[in-house]
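Residue numbers (the working numbering): 10 to 443.
Next up, the structure:
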């Protein structure tokens with residue numbers, strides 16, 4: 010009998026201990042969020058089991074490819090046991106992360122290939138002590154996007170197909186003055202349901218010009234025709250998107266060829282400028298059509314604004330070039346954007362240090378208005394952004410200088426521009442054939 014009572018007593022004690030532990034676990038703060046997202050997808054963070062009126066900190070952190078830890082944090086005081094960090098606040102925390110090493114000057118580059126994922130740590134602190142932690146997996150695009158080899162003897166680039174059983178809109182993606190396909194942008198667009206072909210149109214490949222000199226527009230049209238030949242591309246038109254000199258090329262190609270409709274230009278130009286060749290002061294035309302050079306603005310010979318030094322600002326050089334041009338030269342070098350058979354989106358940073366993309370894209374805006382363009386057109390201008398507006402949501406510190414060039418802009422300016430313009434890019438590129 011005594012043994013049975015002892016067993017009963019021990020059982021009651023065990024139940025009390027376990028139940029007390031369960032209650033303690035329930036009282037511990039819990040962080041809730043999606044398990045995984047794409048980097049351009051917003052998400053909110055919900056924290057449970059907090060003490061109302063108590064001050065807490067939320068900290069977000071990630072490592073870059075150089076194993077530098079980037080971090081940002083903010084204080085909050087919940088009014089109840091539950092507190093929600095809204096989507097815009099969460100994404101701002103990510104975009105305004107800074108490297109923890111004070112003299113680290115490199116921009117954030119994800120620690121993985123753009124087809125892979127990395128983690129962002131989420132920590133909740135109370136009086137300096139971490140009381141809850143979690144990780145969210147962030148993908149650099151949809152891992153189900155298919156990369157397809159280009160079976161064309163004259164084209165250099167990569168084709169990306171979204172995971173869809175139905176027809177999808179397509180877009181040609183053009184790089185700028187760096188001679189390599191804009192694969193990360195193309196992959197992100199494909200992750201949002203737009204098939205993309207990221208082509209290279211100059212560089213050290215036998216099929217294309219070595220330099221940005223007399224690149225034939227027919228090459229761009231050939232790439233578009235090849236892409237349209239796939240039966241999973243919806244409709245008979247492609248969108249086209251380019252940044253910087255690639256934006257200039259996108260406007261030209263869309264004004265020459267009806268296969269391109271929706272046109273998106275990021276930090277581009279409605280004036281055609283001279284080409285670029287290593288060591289050449291005056292390389293000649295950047296583009297050609299039917300073996301004839303396309304009219305362009307010649308570079309200035311004012312050596313006071315010719316860029317020099319270890320870090321160069323090109324904006325005064327380009328501005329002097331078109332300010333010196335005659336009215337006739339400006340007219341001849343202006344892209345005939347009224348011939349574009351679709352909507353046009355322009356994106357500019359007001360602090361662009363590569364060239365004055367706001368003014369250069371106003372040539373597009375004014376001309377479309379003058380000719381009463383029958384499709385939608387819009388010019389998004391961001392006050393404190395520079396030349397490197399991109400898809401969100403990555404840290405935007407240290408983008409003012411890239412390599413040997415001043416890009417302009419500020420951390421906050423790029424954060425706003427990246428987040429705000431991206432939905433419009435997706436919308437415009439999906440307007441084809443609707």
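Idealized CB from N, CA, C, for every residue including glycine.
Note that the coordinates shown come from a computational prediction; the quantities given were computed from them, not determined experimentally.
Contact between the stretch 319-330 and the stretch 241-248 is absent, with fewer than three C-beta pairs closer than 8 Å. Non-local C-beta neighbours of residue 347 in its own chain, meaning closer than 7 Å and more than five positions away in sequence, comprise 376, 377, 380, 382, ordered along the chain. When beta bridges are read from the DSSP output, residue 47 appears opposite 148.
Per DSSP, the unbroken beta strand (DSSP E) holding residue 130 starts and ends at 126-135. Exclusion of the five residues before and after residue 197 leaves 49, 150, 400 as the residues of its chain whose Cβ lies within less than 7 Å of its Cβ.
Here residue 212 has 188 as same chain residues with Cβ atoms under 6 Å from its own Cβ, once five neighbours each way along the sequence are excluded. DSSP, read as helix, strand or coil, puts residue 331 in helix. Taking C-beta atoms under 8 Å as the contact rule, residue 261 and residue 281 qualify, at a distance of about 7 Å. Collapsing the DSSP output to three states places residue 52 in coil. Straight-line spacing of the CA atoms in residue 422 and residue 391 works out to 7 Å.
Looking at the DSSP output, residue 85 bridges to 65. Secondary-structure assignment with DSSP links residue 321 through a beta bridge to 414.
With fewer than 16 neighbouring CB atoms inside 10 Å of its own CB, residue 158 falls in the exposed class. In this structure the stretch 215-232 lies against the stretch 287-299, because at least three pairs of beta carbons, one per stretch, are closer than 8 Å. For residue 372, the enclosing alpha helix (DSSP H) has its first and last residue at 366-379. Burial is judged here by how many other beta carbons sit within 10 angstroms of a residue's own beta carbon; residue 86 has fewer than 16 and is exposed.
Of all C-beta pairs linking the stretch 105-116 to the stretch 64-80, three or more are shorter than 8 Å, placing the two stretches in contact. It is roughly 17 Å from the alpha-carbon of residue 440 to the alpha-carbon of residue 266. The beta-bridge partner set that DSSP reports for residue 250 consists of 182, 273. By alpha-carbon distance to residue 72, the top candidate from 106, 256, 65 is 106.
Scanning its chain for C-beta atoms nearer than 7 Å, with the 5 sequence neighbours on each side dropped, one finds around residue 420 the residues 105, 405, 406, in chain order.
As computed with DSSP, residue 394 is found in no beta bridge at all.
Within the same chain, and ignoring the five residues on either side of residue 134 in sequence, the residues whose Cβ sits closer than 6 Å to its Cβ are 66. Distance from the CA of residue 55 to the CA of residue 427, rounded to the nearest whole angstrom, comes to 25 Å.
An exposed status is given to residue 118, since fewer than 16 other beta-carbon atoms sit within 10 Å of its beta-carbon.
By the 16-neighbour rule on beta-carbons within 10 angstroms, residue 360 is buried. In this structure, the beta-carbon distance from residue 232 to residue 164 falls below 8 Å. Burial is judged here by how many other beta carbons sit within 10 angstroms of a residue's own beta carbon; residue 61 has fewer than 16 and is exposed.
When beta bridges are read from the DSSP output, residue 358 appears opposite 391.
In this structure, residue 166 lies away from residue 131, with their beta-carbon atoms at least 8 Å apart.
The DSSP assignment places complete alpha helix (DSSP H) segments of no fewer than 4 residues inside the stretch 191-220 at 192-200, in order along the chain.
Scanning 408, 123, 264 for the CA closest to the CA of residue 230 turns up 264.
Exclusion of the five residues before and after residue 41 leaves 55, 57 as the residues of its chain whose Cβ lies within less than 7 Å of its Cβ.
Annotated as proximal: residue 283 and residue 306, with beta-carbon spacing under 8 Å. If you look at residue 435, you'll find it in the alpha helix (DSSP H) that goes 420-438. Counting only residues of its own chain and dropping the five nearest sequence neighbours on each side, residue 142 has a CB closer than 6 Å to the CB of 132.
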